[in-house]
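Novice: Per the working numbering: the sequence shown = residues 1 to 617.
By construction, the Cβ of each residue, glycine as well, lies at the ideal position given by its N, Cα and C atoms.
I'd like to ask you about the structure that follows.
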Amino acid sequence: MPVLLRWFLRLGPTNPIAVRLVQNGSRRQRHLYIRSAYLAAVILVLLWQLVTTVGGSGAIDYRELALAGSQSFIFVAYLQIGLICVLAPVFMAGAISQEADPKTWEVMLTTPLGPTEIVLGNLFGRLFFILALLFSSLPLFALIQVFGGVPMNTIFASYGVAACAAVLVGVIAIGLSVSRLAGRRAVFTFYVGVVTYLAITAALDAFIRASGGGAGPAGEGVTHFTSLNPFLALRALLNPATYPRGDMGDAWWIANPVSAWCYGSLLLSTALILASSLTVRAGGLQTLVSGQSSSKVPWYRKMFGLGASGAEFRPPRTVGQNPIAWREATARNSTLFRIIARWSFVVLGGLFGLGLVAWYHAGQLDHTTFRLAILYTILGEMAVITLVAMNMAATAVSREREDGTLDLLLTTSITPASYLSGKLKGLIAYLLPLLAVPVGTVAVAGLYAFTGGLGRSDGVTVAALAGHSDATPVVLPEAGIVAALVCIPFAAFCVMIGLQWSLKSKGTISSVVGTVGVVGIVAGVIGTCGWRSGIDFEVIGPALAASNPASALFALVSPGEALDSTAASTGGLSTARVALLMGAGVSAAVYAGVVYGIQASMVKNFDFTVRKLAGTK
Numbered sequence: 001m002p003v004l005l006r007w008f009l010r011l012g013p014t015n016p017i018a019v020r021l022v023q024n025g026s027r028r029q030r031h032l033y034i035r036s037a038y039l040a041a042v043i044l045v046l047l048w049q050l051v052t053t054v055g056g057s058g059a060i061d062y063r064e065l066a067l068a069g070s071q072s073f074i075f076v077a078y079l080q081i082g083l084i085c086v087l088a089p090v091f092m093a094g095a096i097s098q099e100a101d102p103k104t105w106e107v108m109l110t111t112p113l114g115p116t117e118i119v120l121g122n123l124f125g126r127l128f129f130i131l132a133l134l135f136s137s138l139p140l141f142a143l144i145q146v147f148g149g150v151p152m153n154t155i156f157a158s159y160g161v162a163a164c165a166a167v168l169v170g171v172i173a174i175g176l177s178v179s180r181l182a183g184r185r186a187v188f189t190f191y192v193g194v195v196t197y198l199a200i201t202a203a204l205d206a207f208i209r210a211s212g213g214g215a216g217p218a219g220e221g222v223t224h225f226t227s228l229n230p231f232l233a234l235r236a237l238l239n240p241a242t243y244p245r246g247d248m249g250d251a252w253w254i255a256n257p258v259s260a261w262c263y264g265s266l267l268l269s270t271a272l273i274l275a276s277s278l279t280v281r282a283g284g285l286q287t288l289v290s291g292q293s294s295s296k297v298p299w300y301r302k303m304f305g306l307g308a309s310g311a312e313f314r315p316p317r318t319v320g321q322n323p324i325a326w327r328e329a330t331a332r333n334s335t336l337f338r339i340i341a342r343w344s345f346v347v348l349g350g351l352f353g354l355g356l357v358a359w360y361h362a363g364q365l366d367h368t369t370f371r372l373a374i375l376y377t378i379l380g381e382m383a384v385i386t387l388v389a390m391n392m393a394a395t396a397v398s399r400e401r402e403d404g405t406l407d408l409l410l411t412t413s414i415t416p417a418s419y420l421s422g423k424l425k426g427l428i429a430y431l432l433p434l435l436a437v438p439v440g441t442v443a444v445a446g447l448y449a450f451t452g453g454l455g456r457s458d459g460v461t462v463a464a465l466a467g468h469s470d471a472t473p474v475v476l477p478e479a480g481i482v483a484a485l486v487c488i489p490f491a492a493f494c495v496m497i498g499l500q501w502s503l504k505s506k507g508t509i510s511s512v513v514g515t516v517g518v519v520g521i522v523a524g525v526i527g528t529c530g531w532r533s534g535i536d537f538e539v540i541g542p543a544l545a546a547s548n549p550a551s552a553l554f555a556l557v558s559p560g561e562a563l564d565s566t567a568a569s570t571g572g573l574s575t576a577r578v579a580l581l582m583g584a585g586v587s588a589a590v591y592a593g594v595v596y597g598i599q600a601s602m603v604k605n606f607d608f609t610v611r612k613l614a615g616t617k
């Protein structure tokens, strides 16, 4: 075999690191379950979309079938890229957490593998599962060709957008691993960074289009942020009529956003690979900072009830009836940075929400811009809170198992029921101030609409849509009640799923990955179905829209669009609003029942599970 070909193969297919990762990962049942759940979610949503799009009875002509196939493909394509963004970090979590065990790097750096081989081996070995997961749904999309209406080049272009997103996510994970700057909690930071980036670029794109700064004759088309977000690039590909591209005289990334996203993400991935190759044998970017802590307590630490940094003792604290609940609610604020981060989110988020209402009252924002600002703000805040809840819950038990605290707790009089209920109550108590930010923001906007805008010149109602008889309020007045009924039980559900995975997982990484995967798939499928049900179904649709925070918040801020079918059939929003409120109550009861059932099952199997994993670190 030629030397050049052998060297090229060692960078990818025959790289020993890649071969080891693929062989070991292929034997894990967790990967099999993830692939099965991914395909099941895509198939379920595709069938649901086909049924709701075609609907009716009697003969269906080829034109209706083609339209149904086209709309179903568009809907599932968005879902697929969303699941890839959620599940890609699941498979790349091992690369991020590899830094947590320096011995792994010490052994790897003693091998004759070159820096490029180490980086590409880790990348291709873990990226293989992501790309296999992505292209496993290709036969499903090929079946859509039977209906017609979807060109084959569009299908492959959508796969190209998703594949480039997966490659970029994988390269960033490898870069975090090589830099040695990340720790065991870097997986959570990784998720937050991805979600925040997507939310910010989508929000900026929406604001530019709302002000007429996009491409197209009406200024509602492609913007400069389209090529920076895979969802926006996919929208430019699949919705050219409502999201037009620029002309040939515009910038290249305005006229060709899909190509710009693919080429840009691949170029950025290449640059990160080169940077990782240059720093992998130099010890990464990690620097050691040494210093001695003073025994004197600074004033700013006294203000938060903290002792001196690095001190062996701390000020006494009052413990409630359940010490586990107290510990979970207060131990998260054990450092000054955590206290500042938590309350900064609360204060800044609350002030920003009040500022949006004040700007709207002053006439600085029109109805459409105000709705977009409120919607993107509360959705982004809810996404961050959900990730925080999953991360804390997923590490609540596994962290104590790793540091030996769980063994000490089991020698006390604390029962499994009080232990698990204390975990749940403590985490919810910690999350309540954070949940108050999005719930309070939408509640203030709803109360502002209820008072008629306090004499606002343009009022607080939006013109009725086609087929609707009444104007709709800019935000439903009961928004605070519905948001609280949906968001708080959903947070408890996320916490309970995290506790379940934390109890049965050997380490924090596997528990975080499992929690994010389960919650992402369940919330994605339920939210997608609820979103479409609110638009397409009468009466029952608004109730189903309250089954997920995202679809419920969308219905509260844009009731005319989110509850279109019910509002059009009944001539107003009265029936839809009642159904939405009742659905929120039913959704809260269902989430509470699921939480109670999971907790009862965990209490029943607590001793067996703990003894099975006894001594695991």
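Measure the C-alpha to C-alpha separation of R20 and R28 and round it to an integer number of angstroms.
Specialist: 13 Å
Novice: Which value, in whole angstroms, describes the spacing of the CA atoms of G514 and L379?
Specialist: 23 Å
Novice: By the 10 Å Cβ neighbour count, where 16 or more other Cβ atoms means buried, how is G498 classified, buried or exposed?
Specialist: Buried, because 16 or more other Cβ atoms sit within 10 Å of the Cβ of G498.
Novice: Suppose you measure from the CA of Y430 to the CA of A545; what does that come to, to the nearest Å?
Specialist: 27 Å
Novice: Which term fits K423, buried or exposed, when burial requires 16 or more other beta carbons within 10 angstroms of its beta carbon?
Specialist: buried
Novice: For A37 and I340, I'd like the C-alpha separation in whole angstroms.
Specialist: Between A37 and I340, the alpha-carbon positions lie close to 39 Å from each other.
Novice: Could you pull out every residue in the same chain whose Cβ sits closer than 8 Å to the Cβ of I535, ignoring the five residues on either side in sequence?
Specialist: G541, E561, A562, L563, D564 and S565
Novice: What residue does the alpha helix (DSSP H) around Y112 start on, and which one ends it?
Specialist: At residue 112 the sequence reads Pro, which differs from the Tyr that was named. Counting along the chain, P112 falls outside any alpha helix (DSSP H), and DSSP gives it neither H nor E.
Novice: Which residues bound the alpha helix (DSSP H) around Q619?
Specialist: An answer regarding residue 619 cannot be provided, because it is not within the stretch 1 to 617 covered by the chain.
Novice: Are T528 and V51 closer than 8 Å when you measure CB to CB?
Specialist: no
Novice: Assign P473 to one of three DSSP states: helix, strand, or coil.
Specialist: strand
Novice: How many Å lie between L408 and I130 at the Cα?
Specialist: The straight-line gap from Cα to Cα measures roughly 40 Å.
Novice: Express the C-alpha separation of A251 and T270 in angstroms, rounding to a whole number.
Specialist: Within the model, the alpha-carbon separation for T270 versus A251 is close to 24 Å.
Novice: Where does T575 sit, in a helix, a strand or coil, going by DSSP?
Specialist: helix
Novice: Taking buried to mean at least 16 other C-beta atoms within 10 Å of its own C-beta, is N256 buried or exposed?
Specialist: buried
Novice: On a Cα-Cα basis, can you pick out the residue from A325, F75 and Y591 that is closest to W48?
Specialist: F75
Novice: Going by other Cβ atoms of all chains shown within 10 Å of its Cβ, with 16 needed for buried, is L618 buried or exposed?
Specialist: Because the chain spans 1 through 617 in this model, residue 618 falls outside it and cannot be assessed.
Novice: With a CB to CB cut of under 8 Å and the five nearest residues on each side skipped, what residues in its chain are close to E117?
Specialist: Within its own chain, the residues whose Cβ lies closer than 8 Å to the Cβ of E117, once the five positions on either side in sequence are excluded, are R10, L11, N15 and I17, listed in chain order.
Novice: For F352 and A362, I'd like the C-alpha separation in whole angstroms.
Specialist: 15 Å
Novice: What are the start and end residues of each continuous alpha helix (DSSP H) run of 4 or more residues lying completely inside the segment 126-150, in chain order?
Specialist: Fully enclosed alpha helix (DSSP H) runs of 4 or longer: 138-144.
Novice: Identify every residue that forms a DSSP beta bridge with T508.
Specialist: Per DSSP, none; premise fails for T508.
Novice: Reducing DSSP to helix, strand and coil, say where V222 ends up.
Specialist: Correct three-state label for V222: coil.
Novice: Which residues does DSSP pair with T461 in a beta bridge?
Specialist: For T461, the beta-bridge partners assigned by DSSP are P473.
Novice: Report buried or exposed for T451, applying the criterion of at least 16 other Cβ atoms within 10 angstroms of its Cβ.
Specialist: exposed
Novice: Would a C-beta distance cut-off of 8 Å place Y78 and A199 closer than the cut-off?
Specialist: no
Novice: Which whole runs of the beta strand (DSSP E) in the segment 195-280 are 3 residues long or more, in chain order?
Specialist: none
Novice: Run through the segment 14-64 for me and flag every whole alpha helix (DSSP H) of 4 or more residues, listed as ranges in chain order.
Specialist: 16-26 and 29-54
Novice: Within this structure, are the beta carbons of L87 and G524 separated by less than 8 Å?
Specialist: no
Novice: Can you name, in chain order, every residue of its own chain whose Cβ lies under 7 Å from the Cβ of V22, other than the five neighbours on each side?
Specialist: G125 and F128
Novice: Taking the alpha-carbon positions, what's the S511 to R35 distance?
Specialist: 18 Å
Novice: Could you tell me the distance, in whole angstroms, from the CA atom of L420 to the CA atom of V357?
Specialist: 40 Å
Novice: Between F537, L232 and L274, which lies nearest to V171 when the distance is taken from Cα to Cα?
Specialist: L274
Novice: Can you check which of these residues, M152, S276, L32 and G216, is closest to S177 by C-alpha distance?
Specialist: S276
Novice: For the pair the segment 199-219 and the segment 236-249, tell me if three or more CB-CB distances fall below 8 Å.
Specialist: yes
Novice: Output needed for P433: all residues of its chain with C-beta closer than 6 Å, excluding positions within five of it in sequence on either side, in chain order.
Specialist: V346
Novice: CB-CB under 7 Å to S137, same chain, minus the five flanking residues each way: which ones, in chain order?
Specialist: L39, V42 and Q80
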